[in-house]
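Engineer: Sharing a structure here in structure tokens format.
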Amino acid sequence: MSDSRVQDVPTPAFELSYNGKSITADIAGHVLSIAYTDHLSGESDELDVELEDVDGRWLDSWYPDKGATLALKLGYRGAALTAAGSFDIDEVEYRSPPSTVRIRALATGVQHPLRTKNGRAYEQITLQALAQRIAKRHRMKLQGKIEAVNIDRLTQYHETDLQFLQRVADQHGYVCKVMDNNRKLVFWKRSDLMQSASVRRYTPAQLMGWQAQDQLSKVPAQVDVSYHDPAKRVLRTASARADAKAPGGKASSADTVKLTRKAAGKRQAEQMAAAELERRQLERTRMSVTVDGSPQLAAGSNIDLDGFGKLSGRYQIQRASHRISRQDGYVCELELKRVAVSAAQDKRKTP
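Here our numbering is used: position 319 in the sequence shown is 319, and no number is missing along the way.
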């Protein structure tokens with residue numbers, strides 16, 4: 001049998017540094033697995049490194065310091081590796097027999113005050129200015145385009161700055177996350193992510209495994225946002241309605257979600273209602289898939305799934321778990337949500 005097929009199989013590769021110094025060559029023979037989990041929002045990105053420790057060096061001279069920094073790049077041999085970011089070591093776990101060590105690290109570093117809960121009030125501020133103020137407070141670089149969103153008053157109720165900012169961003173149709181060990185605060189408009197071109201296309205034959213849920217109960221027919229009109233001293237309501245149809249039956253339940261928000265006026269209240277409906281519509285169709293590893297598969301990116309009947313369509317990656325191991329090579333496990341049909345129209349350009 002020819003060896004050409006074997007030679008064509010790409011070899012997974014990684015680079016790992018410890019406090020800025022490469023340790024790849026030193027640990028390569030000890031690595032059992034490296035797992036990097038990329039979340040779109042709401043949770044810290046994570047790095048998990050498992051190594052064998054037959055001679056006990058990880059208990060002594062190689063003992064990893066909690067709070068030290070790990071930086072990871074991953075991909076395939078012969079190609080440029082993709083940076084996954086930097087992480088603070090949070091936990092070290094030992095097991096025996098066989099003797100192994102597992103190092104867990106977080107991108108929202110444990111050595112930074114971003115986890116401290118605070119109570120603050122903000123008045124007459126924009127979402128951009130709020131994000132910039134929090135980024136500056138924690139010495140982060142703000143990245144991403146934020147449209148003009150005027151906010152009359154906000155209250156931070158015993159929340160961390162990140163929890164508070166994510167809550168406010170979500171109400172206005174944005175997602176945000178801290179990356180690269182508290183160096184970056186990144187914003188995306190949810191609708192822009194939903195409408196972006198797909199990075200990959202998959203058919204059932206290209207998946208190692210998959211699971212899907214298609215449901216209605218979490219998708220309301222309408223979202224009503226009530227807000228106070230200070231000029232008229234009355235409570236007003238702005239609404240957003242779900243699509244009438246969706247593949248596989250009805251597009252929503254019969255429920256109406258009623259919220260009370262602080263809004264600068266009718267237009268902003270309508271935008272907040274639309275943002276809430278947009279977020280809830282993503283709960284309609286979810287899939288979990290396992291595929292060959294690719295650094296392209298980042299949280300927030302879209303992929304196209306074809307050949308799945310009424311489950312086919314464009315899906316947004318909510319969480320991407322990249323794992324390189326001796327046993328399985330480089331594999332990605334993806335948590336997906338199908339984007340609204342209107343967002344996927346005329347956007348089907350895939351490699």
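Beta carbons: idealized from backbone N, C-alpha and C, even for Gly.
Would you give the residue range spanned by the alpha helix (DSSP H) that K266 belongs to?
Structural biologist: Taking the first residue of the sequence shown as position 1, residue 266 is located at position 266. It spans K266 to Q281 - the alpha helix (DSSP H) in which K266 sits, taken as one unbroken run.
Engineer: Note down, in chain order, each residue of its chain lying with its Cβ closer than 7 Å to the Cβ of R120, except the 5 sequence neighbours on either side.
Structural biologist: The sequence position of residue 120 within the sequence shown is 120, counting from 1. Excluding residues within five positions, the ones whose Cβ falls inside 7 Å are Q156.
Engineer: Within its chain, find whatever has a CB closer than 7 Å to the CB of S4; leave out the 5 residues flanking it on each side and keep chain order.
Structural biologist: For the purposes of this step, residue 4 is taken as residue 4 along the sequence shown, with counting starting at 1. With a pLDDT of 41 at S4, under the threshold of 50, the modelled position of this residue cannot be trusted; read the value that follows with caution. Answer for S4: no residue qualifies.
Engineer: Tell whether a beta-carbon distance below 8 Å holds between M179 and Q316.
Structural biologist: Here residue 179 refers to the residue found at position 179 of the sequence shown. Here residue 316 refers to the residue found at position 316 of the sequence shown. Cβ atoms of M179 and Q316: not closer than 8 Å.
Engineer: Just confirm the distance between the C-beta atoms of I324 and L74, as a whole number of angstroms; I'd bet it's less than 8 Å.
Structural biologist: Along the sequence shown, read from residue 1 onward, the residue named residue 324 stands at position 324. Along the sequence shown, read from residue 1 onward, the residue named residue 74 stands at position 74. Contact holds; Cβ gap of about 6 Å.
Engineer: What residues are listed by DSSP as bridge partners for K184?
Structural biologist: As a first step, residue 184 must be located in the sequence shown, where it is residue number 184. K184 is bridged to K141 and M179.
Engineer: Taking all protein chains shown into account, decide if E276 is buried (16 or more other Cβ within 10 angstroms of its Cβ) or exposed.
Structural biologist: As a first step, residue 276 is located in the sequence shown; it is residue number 276 there, counting from the start. E276 comes out buried.
Engineer: Would you tell me roughly how many angstroms separate the C-alpha atoms of A68 and A254, rounded to the nearest one?
Structural biologist: As a position in the sequence shown, residue 68 is number 68, starting the count at 1. As a position in the sequence shown, residue 254 is number 254, starting the count at 1. C-alpha separation (whole angstroms): 52 Å.
Engineer: Going by other Cβ atoms of all chains shown within 10 Å of its Cβ, with 16 needed for buried, is G300 buried or exposed?
Structural biologist: In the sequence shown, counting from the first residue as 1, residue 300 sits at position 300. Counting Cβ neighbours within 10 Å, G300 comes out buried, since at least 16 surround it.
Engineer: Within the same chain, show all residues whose beta-carbon is closer than 7 Å to that of T116, passing over the 5 residues directly before and after it, in chain order.
Structural biologist: Residue numbering aside, residue 116 sits at position 116 when the sequence shown is read from its first letter. Contacts found: T160.
Engineer: Along the chain, which unbroken stretches of the alpha helix (DSSP H) at least 4 residues long are found entirely within the region 83 to 153?
Structural biologist: The region 83 to 153 contains these whole alpha helix (DSSP H) runs: 127 to 137.
Engineer: Take V257 and list the residues in its own chain whose beta-carbon comes closer than 6 Å to its own, dropping the five residues that flank it on each side.
Structural biologist: For the purposes of this step, residue 257 is taken as residue 257 along the sequence shown, with counting starting at 1. The residues are P220 and V223.
Engineer: Kindly indicate the opening and closing residues of the alpha helix (DSSP H) around A35.
Structural biologist: Taking the first residue of the sequence shown as 1, we reach residue 35 at position 35. Here A35 belongs to no alpha helix (DSSP H); instead the beta strand (DSSP E) covers V31 to H39.
Engineer: Which residue wins for smallest C-alpha separation from A264, given the options Q213, E283, L235 and R279?
Structural biologist: Your numbering for residue 264 matches position 264 in the sequence shown. Looking at the Cα atoms, L235 is the closest of the given residues.
Engineer: Check whether the region 97 to 104 touches the region 38 to 52, taking contact to mean three or more Cβ pairs, one atom from each stretch, closer than 8 Å.
Structural biologist: Yes, the region 97 to 104 is in contact with the region 38 to 52.
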